[in-house]
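Asker:
Number of protein chains: 2
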Amino acid sequence: MAQQLEPIARMVGQLARLPGIGQKTAQRLAYHIISLPQEDVHELAAAIWQGRKAIRYCSLCGNYAVDDTCALCTDEKRRNGQLCVVRDPRDVAAMERIREYKGGYHVLHGTLSPMDGIGPEDIRIKELLMRVGKEDIQEVILATNPDIEGEATAAYIARLLKPMGLKVTRIAHGVPVGSDLEYADEITLAKAMEGRREI
Amino acid sequence: MAQQLEPIARMVGQLARLPGIGQKTAQRLAYHIISLPQEDVHELAAAIWQGRKAIRYCSLCGNYAVDDTCALCTDEKRRNGQLCVVRDPRDVAAMERIREYKGGYHVLHGTLSPMDGIGPEDIRIKELLMRVGKEDIQEVILATNPDIEGEATAAYIARLLKPMGLKVTRIAHGVPVGSDLEYADEITLAKAMEGRREI
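First to last, the protein sequences are chains A and B.
Going by the working numbering, the first residue of the first sequence is number 1, and it counts up by one from there.
Going by the working numbering, the first residue of the second sequence is number 1001, and it counts up by one from there.
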């Protein structure tokens, strides 16, 4: 038995496919899992599988949902005429954490990236246009990431929405709160200057 | 939805119970798992659960096994009169990796630790004595860890076995191969001097 037992090797192999988990870590995790009571391991495996099975995308906004539409889309109070456009469901979670924004969301499930062959028809832009046409939307807030793809996607969507006569905004760029100016990169600093406001 | 969906929260909670996986990592892993195709997640969950279910302890040596006795214990060639005593199955795997040792094993499943209330009856010492009495054993190699508990356990077992008239050995302590003398701790270095051999 110079090799691992097949069930252990299989477990290690599967764990090592997860991001940030190398062969060594996978081995350590597998040995730990094997040392656990069967009930605990069953709970772990069930949480992974049932969790994946239970989650789908909201048919309206594209956020994670357990039903056809997500909890945010079914909440009447959130239909305030605002739509916040983000790249993926994790960004909805991030935005919700600030507990400031009270409107709806639209998840694109990606950003435009010609280099990777991702064009406008590969992300949920058509769905956004349909929602804007159908729902009573006054403002679309473009909250894609402040990177090349995110900016390009925001610019592209803005161009499509502007003629529809609604307010299209982009989240502010600037120096992060609590950070040190000295360590801010030039582009961020330039954007912070550009977006300065009277106090 | 300021909180996470229940199936996601449950997955994060379970993943965060694994050693070395904090809340943030668990969240990252859960979001990754949710983004995977269902088949992939099923394979992962199955590998974890089936793996745990398939593995038991060899009734003879205490090593990991898929059957009643492990592959090493059923291998006639490994019954050469030597038994290597280790703390847990991972140590068997480590020892097998050197491809030098050709004898049998005995896994204690722990080391003596009065502080933690672990006494001789809590680890597989009685089973070791029974094997030594029944099987044709000439040498018992004590390969518990070179730490306080490991040393105490080795000393305790040696005291029990010596009167039975067999060779009892302890793995050598010394400076690890490829290491730098400058960084060796004093105790290791003292042990290395003590165990020096003529060349």
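For each residue, glycine too, the CB sits at the ideal point set by N, CA and C.
Note that the structure is predicted; figures quoted are calculated from it, not measured.
How close, in whole Å, do the beta carbons of Y64/A and C84/A come, if the pair is a contact with beta carbons under 8 angstroms?
Answerer: The pair is not a contact, with the Cβ atoms about 15 angstroms apart (cut-off 8 angstroms).
Asker: Counting only Cβ pairs nearer than 7 angstroms, list the residues of chain D close to Y1031/B.
Answerer: Structure shown: chain D not included; protein chains present are A and B.
Asker: Let's test the definition: count the other Cβ atoms within 10 Å of the Cβ of D68/A and tell me whether it reaches 16, buried, or not, exposed.
Answerer: Under this definition D68/A is an exposed residue.
Asker: Reducing DSSP to helix, strand and coil, say where L83/A ends up.
Answerer: L83/A: strand per DSSP, three-state reduction.
Asker: Chain B beta carbons: is any one of them nearer than 7 angstroms to that of I98/A?
Answerer: With 7 angstroms as the cut-off, I98/A does not count as an interface residue toward chain B.
Asker: Tell me the residue span of the alpha helix (DSSP H) that contains V1066/B.
Answerer: V1066/B -> no alpha helix (DSSP H), and no H or E assigned at all.
Asker: Going by beta-carbon coordinates alone, are G1195/B and A1172/B separated by less than 7 angstroms?
Answerer: Against a cut-off of 7 angstroms, the Cβ pair of A1172/B and G1195/B comes out as a contact.
Asker: Which same chain residues end up closer than 6 angstroms to A54/A when comparing Cβ atoms and leaving out the 5 residues on each side of it in sequence?
Answerer: So the list reads V66, once near-sequence residues are dropped.
Asker: For E1139/B and L1166/B, which I take to be in contact (beta-carbon distance under 8 angstroms), what is that distance rounded to the nearest angstrom?
Answerer: Contact holds; Cβ gap of about 7 angstroms.
Asker: Within the same chain, show all residues whose beta-carbon is closer than 6 angstroms to that of M1011/B, passing over the 5 residues directly before and after it, in chain order.
Answerer: Here the set comprises A1030.
Asker: Please check if any C-beta of chain A sits within less than 7 angstroms of the C-beta of L1005/B.
Answerer: Yes, L1005/B counts as interfacial toward chain A.
Asker: Could you check where the beta strand (DSSP E) with E139/A kicks off and where it finishes?
Answerer: E139/A -> beta strand (DSSP E) spans 139-142.
Asker: Check whether chain B comes within 7 angstroms of Y64/A, counting only Cβ atoms and requiring the distance to be less than that.
Answerer: Y64/A counts as touching chain B.
Asker: What is the DSSP secondary structure of G1104/B, counted as helix, strand or coil?
Answerer: DSSP places G1104/B in strand when its eight states are reduced to three.
Asker: Does DSSP put T1074/B in a helix, in a strand, or in coil?
Answerer: Helix at T1074/B.
Asker: Of all the options L1142/B, A1047/B, A1190/B, which has the alpha carbon lying nearest to the alpha carbon of R1170/B?
Answerer: Cα-wise, what sits closest to R1170/B is L1142/B.
Asker: Alpha carbons only, please: which of L1108/B, Q1082/B, T1188/B, E1076/B is nearest the one belonging to D1091/B?
Answerer: Comparing Cα positions, the closest option is L1108/B.
Asker: Whose C-beta lies closer than 7 angstroms to the C-beta of A1152/B among residues of the same chain, with five residues either side of it excluded?
Answerer: For A1152/B, where only same-chain residues beyond five positions count, the Cβ hits under 7 angstroms are L1112.
Asker: Rounding to the nearest angstrom, what Cα-Cα distance links R192/A and V177/A in this structure?
Answerer: What sits at residue 192/A in the sequence shown is Ala, not Arg. A192/A and V177/A: Cα-Cα distance of roughly 12 angstroms.
Asker: Look at R56/A and I1033/B and say whether their C-beta atoms are less than 7 angstroms apart.
Answerer: No, the pair does not count as a contact, with Cβ atoms beyond the cut-off.
Asker: Going along the chain, which residues of the segment 137-169 of chain A sit with their C-beta nearer than 8 angstroms to a C-beta in chain B?
Answerer: Listed by position, the residues of the segment 137-169 of chain A near chain B (Cβ gap below 8 angstroms) amount to none.
Asker: Could you pull out every residue in the same chain whose Cβ sits closer than 6 angstroms to the Cβ of A26/A, ignoring the five residues on either side in sequence?
Answerer: So the qualifying residues of the chain are V12, L15, A16.
Asker: Nearest to P7/A by CA position, among Q1050/B, D1088/B, P1037/B, K1024/B, is which residue?
Answerer: The option with the nearest alpha carbon to P7/A is Q1050/B.
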